[in-house]
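Visitor: Going by my numbering, the sequence shown opens with residue 1, and the numbers climb by one from there.
Backbone N, C-alpha and C fix where the C-beta goes; we use that ideal spot for every residue, glycine too.
Treat the numbers as computed from the prediction; the structure is a model and nothing was measured.
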Amino acid sequence: MNEACAIAWLTGLLEGEGTFSVNRQSAEIAYPVMKVEMCDQGIVARAARLLGAPNVWRREAEKEGWRPTYIAAITGQQAAMWMRQLRHSMGTRRRAAIDGALAAYHPIRLVDPPASCVVPGCSEPHRGRGLCHKHYMTWSRDRAKGRDARITPLR
Ligand SMILES: [Zn+2]
């Protein structure tokens, strides 16, 4: 399966089973959280791999006779990047949740620039604004031509 197919699969899954929310630590500090929770461990594991989630954890059923569920989640800049990429493909309700999560997220400054590009699936070294050279150039060309940017930089 190629990358476009994988993203389409993930988009469909998240439209059905994804949760987009904000983890609010204080009035100033909040970060986005993206989560998928299902009974099917294989599907959750596959979503975790695509999203770059660190692990899949199991939650025991709250009621007797219910099945346990499996959860994959990402947070912070990684979640924000995916939310920006996916928001156009989501339905009204999830898009509103994404917009709420992104609106609450104000990374102050790139105090800690990432080691590699933040575009999902890209592992080229970081050059500027969270992007590698190639993605920085794509972003800056789009911006120069007044097109909708296909890539969202960190700042
Ligand atoms: Zn890149």
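Could you tell me if residue 145 is buried or exposed, where buried requires 16 or more neighbouring beta carbons within 10 angstroms of its beta carbon?
Guide: exposed
Visitor: Measure the beta-carbon distance from residue 52 to residue 78 and round it to whole angstroms, keeping in mind my assumption that it falls under 8 Å.
Guide: 6 Å
Visitor: If contact is defined by three or more beta carbon pairs under 8 Å, each pair taking one atom from either stretch, is the region 87 to 98 in contact with the region 37 to 47?
Guide: no
Visitor: Could you give the DSSP three-state label for residue 83: helix, strand or coil?
Guide: helix
Visitor: Would you call the CB atoms of residue 116 and residue 126 closer than 7 Å?
Guide: yes
Visitor: Does the distance from the CB of residue 21 to the CB of residue 33 come in under 7 Å?
Guide: yes
Visitor: Hey, would you say the C-beta of residue 135 is under 6 Å away from at least one heavy atom of ligand 1?
Guide: Checking the Cβ of residue 135 against ligand 1 gives yes.
Visitor: In angstroms, rounded to a whole number, what distance separates the CA positions of residue 104 and residue 83?
Guide: 13 Å
Visitor: Have a look at residue 40 and residue 67 and give me their C-alpha separation to the nearest angstrom.
Guide: 10 Å
Visitor: Curious, which full-length beta strand (DSSP E) runs of at least 3 residues does the region 6 to 57 contain?
Guide: 18 to 24 and 30 to 38
Visitor: In the DSSP assignment, the alpha helix (DSSP H) including residue 97 goes from what residue to what residue?
Guide: 92 to 103
Visitor: Could you spell out the range, first to last residue, of the alpha helix (DSSP H) harbouring residue 144?
Guide: Residue range 133 to 144 is occupied by the alpha helix (DSSP H) that includes residue 144.
Visitor: Is residue 3 near ligand 1, judged by its Cβ being under 6 Å from some heavy atom?
Guide: no
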